[in-house]
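Participant:
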Amino acid sequence: MNAHASDVSKSETPSFYIQATASIQERWPRTLKQGDTFALFDQLGDVTDPGLTPGGIFHDDMRYLSELQLLLFGQRPLLLSSAIDEDNVVLTVDLSNPDIYHKGGRIILPRETLHIRRSRFLWHNTCYERIAVRNFNNQKQQCLMEIRTGSDFADIFEVRGTQRPKRGTIETKRPDGGSIHYNYAGLDGKNRSMCIRFDTAPQTLADGVASYDFELAANEEISIIMTLYCGSSESMPHEPYSIPYRAARRDARKAHEGGVVIESSHRLVTELFKRAKSDLQMLTTMTPQGPYPCAGTPWFSTPFGRDGLITALQTLWASPVFAKGVLGFLAATQATQDDPSMDAQPGKILHEIRHSEMAVLKEVPFGKYYGSADSTPLFVLLAAYYFERTGDLDTMRNLWPNIEAALGWIDNYGDHDRDGFVEYFREGADGLVNQGWKDSSDSIMHADGNLARGPIALCEVQGYVYAAKRGIAEVARRLGDEARAARLEEEAETLRRNFEDKFWSEELGTYALALDGEKKPCLVSSSNAGQVLISGIASPEHAKRVAEKLLMPESFTGWGVRTLSMDAARYNPISYHNGSVWPHDNAIIALGLGRYGFRREASLIFRGMFDAACHLDLMRLPELFCGFPRRRLGAPTLYPVACMPQAWASAAPYAFLEACLGLHCDYQNREIHFRNPHLPAFVQELRIRNLSVGDVTTDILIRNQDGEVSVMAEGKGADIAVRLSRGARA
Numbered sequence: 009m010n011a012h013a014s015d016v017s018k019s020e021t022p023s024f025y026i027q028a029t030a031s032i033q034e035r036w037p038r039t040l041k042q043g044d045t046f047a048l049f050d051q052l053g054d055v056t057d058p059g060l061t062p063g064g065i066f067h068d069d070m071r072y073l074s075e076l077q078l079l080l081f082g083q084r085p086l087l088l089s090s091a092i093d094e095d096n097v098v099l100t101v102d103l104s105n106p107d108i109y110h111k112g113g114r115i116i117l118p119r120e121t122l123h124i125r126r127s128r129f130l131w132h133n134t135c136y137e138r139i140a141v142r143n144f145n146n147q148k149q150q151c152l153m154e155i156r157t158g159s160d161f162a163d164i165f166e167v168r169g170t171q172r173p174k175r176g177t178i179e180t181k182r183p184d185g186g187s188i189h190y191n192y193a194g195l196d197g198k199n200r201s202m203c204i205r206f207d208t209a210p211q212t213l214a215d216g217v218a219s220y221d222f223e224l225a226a227n228e229e230i231s232i233i234m235t236l237y238c239g240s241s242e243s244m245p246h247e248p249y250s251i252p253y254r255a256a257r258r259d260a261r262k263a264h265e266g267g268v269v270i271e272s273s274h275r276l277v278t279e280l281f282k283r284a285k286s287d288l289q290m291l292t293t294m295t296p297q298g299p300y301p302c303a304g305t306p307w308f309s310t311p312f313g314r315d316g317l318i319t320a321l322q323t324l325w326a327s328p329v330f331a332k333g334v335l336g337f338l339a340a341t342q343a344t345q346d347d348p349s350m351d352a353q354p355g356k357i358l359h360e361i362r363h364s365e366m367a368v369l370k371e372v373p374f375g376k377y378y379g380s381a382d383s384t385p386l387f388v389l390l391a392a393y394y395f396e397r398t399g400d401l402d403t404m405r406n407l408w409p410n411i412e413a414a415l416g417w418i419d420n421y422g423d424h425d426r427d428g429f430v431e432y433f434r435e436g437a438d439g440l441v442n443q444g445w446k447d448s449s450d451s452i453m454h455a456d457g458n459l460a461r462g463p464i465a466l467c468e469v470q471g472y473v474y475a476a477k478r479g480i481a482e483v484a485r486r487l488g489d490e491a492r493a494a495r496l497e498e499e500a501e502t503l504r505r506n507f508e509d510k511f512w513s514e515e516l517g518t519y520a521l522a523l524d525g526e527k528k529p530c531l532v533s534s535s536n537a538g539q540v541l542i543s544g545i546a547s548p549e550h551a552k553r554v555a556e557k558l559l560m561p562e563s564f565t566g567w568g569v570r571t572l573s574m575d576a577a578r579y580n581p582i583s584y585h586n587g588s589v590w591p592h593d594n595a596i597i598a599l600g601l602g603r604y605g606f607r608r609e610a611s612l613i614f615r616g617m618f619d620a621a622c623h624l625d626l627m628r629l630p631e632l633f634c635g636f637p638r639r640r641l642g643a644p645t646l647y648p649v650a651c652m653p654q655a656w657a658s659a660a661p662y663a664f665l666e667a668c669l670g671l672h673c674d675y676q677n678r679e680i681h682f683r684n685p686h687l688p689a690f691v692q693e694l695r696i697r698n699l700s701v702g703d704v705t706t707d708i709l710i711r712n713q714d715g716e717v718s719v720m721a722e723g724k725g726a727d728i729a730v731r732l733s734r735g736a737r738a
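All letters in the sequence shown, in the order written, are residues 9 to 738 by this note's numbering.
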């Protein structure tokens, strides 16, 4: 992700700064997304006081609608309830009128006389809303209603706080009494439009305000349909509300019916996985290569290389289709030439891609940007793990030129000084200073708090390279290149030895965060060392000590592992990367703990994250939350501008389950293996439905009684063996 407000001064990297004028969760807690369009609303379904705030309807990283407000008799209605359906399709808001007074002080409309239900969804670049108003009085009632609209056509980076010296022009047109069009002539030569149509024409429509004055008989209800289209008037849809509504519902139902379903005897565990699946479906965009989970709303509703790769890794056991789509898209966008302005070199894998006006004009460098040190090894790693999970040799054969190009980048451009480690440094003047997952400008430091100077070699990146080379060696072997496989395995082993020598700190009792440009270790205890474990590069003795360190109070809050230990000089629990808690970070750590057999420790993290989710709206894990110690009867402290939902946070529950169960799908032997499974006590019974190995699908029942876990196949899938093994830690 790009740096957040608390972690970078505006003078250092102004294009990446996210201003925090209010908490997203406080002001705009309702999110809808479909395709390349997303929207944030307050609990009443409104967008008010946009300014430098993320509320509104966005399409292709541009805010098309910046104001939307419903008023009764000039006042905001009373909120009754506000919720998004389980499938993330429809936002339903129930409202009522406040007390309405005559000028003389007499109440002319008692509160809770009128009921207003707003039902809203997105479909194909369009927001559809049905506003139903019902009179519960026993006599007729007049209703004065206004719907205020406006558009600023702000680029997402403007919404984040970047100032522009010049921007395009906005023109407002009213082609008829029931429509209003906002047209923006951009500096990039592109014309953008927000076309709004009211199927029941208002009495007046002026200055973006649709005014209604109607009378309702006792118990009478009327409906107004509003269509808001991100596109030109010539292509605006004209079908009735019911047609796109049914299409959106069908699409969501189809997505939910397919793939793995996880159910538990604990209702909230079932809800956690339902929410995770719904959010991943909502965040996913279809590309020509297949489904791709966009990183998160509002700031990162676009393909990010690292985020897509990690999301696919977390869900690989349950949904390999994500991995195939991510690999295909990133192969298609892989860098083929050296371009310092984009931090690109041949073979390098994408960091992010943007389509907004500022990106097209290169006012920000993220049109197609490659400033990521870990995306390339993660690409090779995911390819290896995808093959291990599916045996899909045809896809590997098609991807092999991209895999070889990525390996070439790792060995050459990635290891510029030829010391055997992959480092990063910013080539472009406007690129990211830090290019690991902790990409805030102050996230890599020495023990005294001084920032490390590059080129910087992160500890977890070396682990990714090690695992990538070991894993992809088997693919090379299956493709008939034994010599290449042997070289890759030899390179991985050399890296393992050098890594242990240079990164392990006996003083810290864990791995150094990084090596700086002078090869001095950054002796700081961080969660990065926990991410090292997923690769298998750590010796068993060192892995044990890392696990112990991570679960000490200095690192473990009770909800999860902090990004930075409390004893670090730059520790700040309300920072973006220097003491906060990230669900995806904890999921990777849990997978690493599970790899070394520390399933009870992985279960402890799962327990903390589940408890955190139980305190959160919709049981939705956010991008991150603050790293304060857990208090008895307390709740996690939210980070003000965290994305919700965020793809790799939504995927985290799948990784926790894999880590705790020691779950491995063996396509070659048609076997699902559970090694030394251990579940937290709150999970007593669990069903995994529709788990596929090859072309065969089965259901699995898992029981947890007093710490003893049993597994068995249910019903279908007789051709799949389910095996449980117990023994010493790996």
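Note that beta-carbon positions come from the ideal geometry of N, C-alpha and C, so glycine has one too. No experiment lies behind these values; they were computed from the predicted model shown.
Between the C-alpha atoms of L732 and G602, what's the straight-line distance to the nearest angstrom?
Facilitator: The residue given as residue 732 occupies position 724 in the sequence shown. The residue given as residue 602 occupies position 594 in the sequence shown. Rounded to whole angstroms, L732 to G602 spans 15 Å at the Cα level.
Participant: Span of the alpha helix (DSSP H) holding P301?
Facilitator: As a position in the sequence shown, residue 301 is number 293, starting the count at 1. Element bounds for P301: not the alpha helix (DSSP H) but the beta strand (DSSP E), G298 to P301.
Participant: Looking at C-alpha atoms only, which residue of Q289, L646, R128 and R156 is the closest neighbour of R84?
Facilitator: Translated into the one-based positions of the sequence shown, residue 84 becomes position 76. The option with the nearest alpha carbon to R84 is R156.
Participant: Count the CB pairs spanning the segment 329–337 and the segment 393–403 that are closer than 8 Å, and state whether there are at least three.
Facilitator: Yes, the segment 329–337 is in contact with the segment 393–403.
Participant: Is the CB-CB distance between Y72 and S187 below 8 Å?
Facilitator: Start at 1 with the first residue of the sequence shown, and residue 72 comes out as number 64. Start at 1 with the first residue of the sequence shown, and residue 187 comes out as number 179. Result no, Cβ atoms of Y72 and S187 do not sit closer than 8 Å.
Participant: My understanding is that H363 touches Y378, with C-beta atoms under 8 Å, so please give their C-beta distance in whole angstroms.
Facilitator: The residue labelled residue 363 in the question sits at position 355 within the sequence shown. The residue labelled residue 378 in the question sits at position 370 within the sequence shown. Going by Cβ atoms, the distance from H363 to Y378 rounds to 17 Å, so no, they are not a contact pair.
Participant: Below 8 Å, can you find three or more Cβ-Cβ pairs linking the segment 346–356 to the segment 290–305?
Facilitator: Taking 8 Å as the limit for Cβ pairs, the verdict is that the segment 290–305 does not touch the segment 346–356.
Participant: So which of D93, G479, F511 and W131 has the shortest CA-CA distance to I464?
Facilitator: Here the question's residue 464 lines up with position 456 in the sequence shown. Out of D93, G479, F511 and W131, F511 has the C-alpha closest to the C-alpha of I464.
Participant: When the Cα of Q297 is compared with those of I318, C135, L646 and T341, which residue comes out closest?
Facilitator: Residue mapping note: residue 297 aligns to position 289 of the sequence shown, counting from 1. Closest by alpha carbon: T341.
Participant: Quick check: the Cα distance between H264 and P591, rounded to an integer number of angstroms?
Facilitator: On the sequence shown, residue 264 is found 256 positions in, with the first residue counted as 1. On the sequence shown, residue 591 is found 583 positions in, with the first residue counted as 1. Straight-line Cα distance between these residues: approximately 23 Å.
Participant: Less than 6 Å between C-beta atoms, sequence neighbours within five positions excluded: which residues of the same chain meet that for R734?
Facilitator: Position 726 of the sequence shown, counted from the first residue, corresponds to residue 734. Cβ neighbours of R734 beyond the five flanking positions: N684.
Participant: Pairs of beta-carbons, one from the segment 135–144 and one from the segment 246–253, closer than 8 Å: are there three or more?
Facilitator: Yes: at least three Cβ pairs fall under 8 Å.
Participant: Is the separation between the beta-carbon of R504 and that of I545 shorter than 8 Å?
Facilitator: Reading the sequence shown from its first residue, position 496 is the one you call residue 504. Reading the sequence shown from its first residue, position 537 is the one you call residue 545. Going by C-beta atoms, R504 is nearer than 8 Å to I545.
Participant: So, with DSSP's three-state summary, where would you put I728?
Facilitator: In the sequence shown, residue 728 corresponds to position 720, counting from 1. DSSP places I728 in coil when its eight states are reduced to three.
Participant: Can you tell me which residues form a DSSP beta bridge with G64?
Facilitator: By 1-based counting over the sequence shown, the position of residue 64 is 56. L48, per the DSSP bridge assignment.
Participant: For the segment 601–617 and the segment 679–699, state whether three or more C-beta atom pairs, one from each stretch, are separated by less than 8 Å.
Facilitator: Verdict: yes, contact present.
Participant: Could you compute how far the alpha carbon of V532 sits from the alpha carbon of E515?
Facilitator: Numbered from 1 along the sequence shown, position 524 holds the residue referred to as residue 532. Numbered from 1 along the sequence shown, position 507 holds the residue referred to as residue 515. Using only the alpha carbons, I get a separation of about 10 Å.
Participant: Does the Cβ of Q740 have 16 or more other Cβ atoms within 10 Å, making it buried, or fewer, making it exposed?
Facilitator: Outside the modelled stretch of the chain, which goes from 9 to 738, sits residue 740, for which no answer is possible.
Participant: Which residues in the same chain have their Cβ closer than 6 Å to the Cβ of G53, if we skip the five residues on either side of it in sequence?
Facilitator: If you number the sequence shown from 1, residue 53 lands on position 45. Contacts found: V101 and R126.
Participant: Taking the alpha-carbon of H123 as reference, which of L99, V97 and S89 has the nearest alpha-carbon?
Facilitator: For the purposes of this step, residue 123 is taken as residue 115 along the sequence shown, with counting starting at 1. The option with the nearest alpha carbon to H123 is S89.
Participant: Does the segment 570–584 touch the segment 452–462, meaning 3 or more C-beta pairs lie closer than 8 Å?
Facilitator: With the cut-off at 8 Å, the segment 452–462 and the segment 570–584 touch.
Participant: Can you tell me whether G266 is buried or exposed? The criterion is at least 16 other CB atoms within 10 Å of its CB, across all chains shown.
Facilitator: Residue 266 sits at position 258 when you count from the first residue of the sequence shown. So G266 ends up on the exposed side.
Participant: What is the C-beta distance between C238 and I65, in whole angstroms, given that I count them as a contact (C-beta under 8 Å)?
Facilitator: Here residue 238 refers to the residue found at position 230 of the sequence shown. Here residue 65 refers to the residue found at position 57 of the sequence shown. C238 to I65, Cβ: 7 Å. Contact.
Participant: Per DSSP, T100 forms a beta bridge with which residues?
Facilitator: Numbered from its first residue, the sequence shown carries residue 100 at position 92. Answer is A91 and S127.
Participant: Can you check which of these residues, F337, R168 and Y474, is closest to A320 by C-alpha distance?
Facilitator: On the sequence shown, position 312 is the one that residue 320 refers to. Looking at the Cα atoms, F337 is the closest of the given residues.
Participant: Which first and last residues belong to the alpha helix (DSSP H) in which C668 is found?
Facilitator: By one-based count along the sequence shown, residue 668 stands at place 660. It spans A660 to L669 - the alpha helix (DSSP H) in which C668 sits, taken as one unbroken run.
Participant: Alpha carbon to alpha carbon, how far is A343 from G439? Give it in angstroms, no decimals.
Facilitator: On the sequence shown, position 431 is the one that residue 439 refers to. On the sequence shown, position 335 is the one that residue 343 refers to. So the two alpha carbons sit approximately 16 Å from each other.
Participant: Using beta-carbon positions only, say whether L79 and G63 come within less than 8 Å of one another.
Facilitator: Within the sequence shown, residue 79 is the residue found at index 71, counting from 1. Within the sequence shown, residue 63 is the residue found at index 55, counting from 1. No, they are not a contact pair.
Participant: Comparing C-alpha positions only, which one of T323, A414, H550 and V719 sits nearest to L288?
Facilitator: By one-based count along the sequence shown, residue 288 stands at place 280. Nearest of T323, A414, H550 and V719 to L288, Cα basis: T323.
Participant: Considering just the uninterrupted stretch of the alpha helix (DSSP H) at P252, what are its terminal residues?
Facilitator: In the sequence shown, residue 252 corresponds to position 244, counting from 1. P252 -> alpha helix (DSSP H) spans S250 to E265.
Participant: If you follow the alpha helix (DSSP H) that L572 is part of, which residue opens it and which one closes it?
Facilitator: To locate residue 572, count along the sequence shown from 1; it is residue 564. First-last for L572: undefined, no H or E at that position.
Participant: Below 8 Å on the Cβ atoms is my guess for N105 versus T121; work out the distance and round it to an integer in Å.
Facilitator: Counting from one through the sequence shown, the residue named residue 105 turns up at place 97. Counting from one through the sequence shown, the residue named residue 121 turns up at place 113. With 8 Å as the limit, N105 and T121 qualify as a contact, their Cβ atoms being about 6 Å apart.
Participant: Going straight from the alpha carbon of M70 to that of L646, what length do you get?
Facilitator: Here residue 70 corresponds to residue number 62 of the sequence shown, with the count starting at 1. Here residue 646 corresponds to residue number 638 of the sequence shown, with the count starting at 1. Those two C-alpha atoms are separated by around 26 Å.
Participant: Tell me which residues share the same chain as A484 and place their Cβ nearer than 6 Å to its Cβ, disregarding the 5 neighbours each side in the sequence.
Facilitator: Residue mapping note: residue 484 aligns to position 476 of the sequence shown, counting from 1. Result list for A484: R492 and A493, in chain order.
Participant: Tell me whether Q713 sits in a helix, a strand or coil according to DSSP, three-state version.
Facilitator: Counting from 1 along the sequence shown, the entry for residue 713 is found at position 705. Strand at Q713.
Participant: Applying the 10 Å Cβ sphere with the 16-neighbour rule, what's the burial state of G197?
Facilitator: Within the sequence shown, the letter at position 189 stands for residue 197. Exposed: under 16 other Cβ atoms inside 10 Å.
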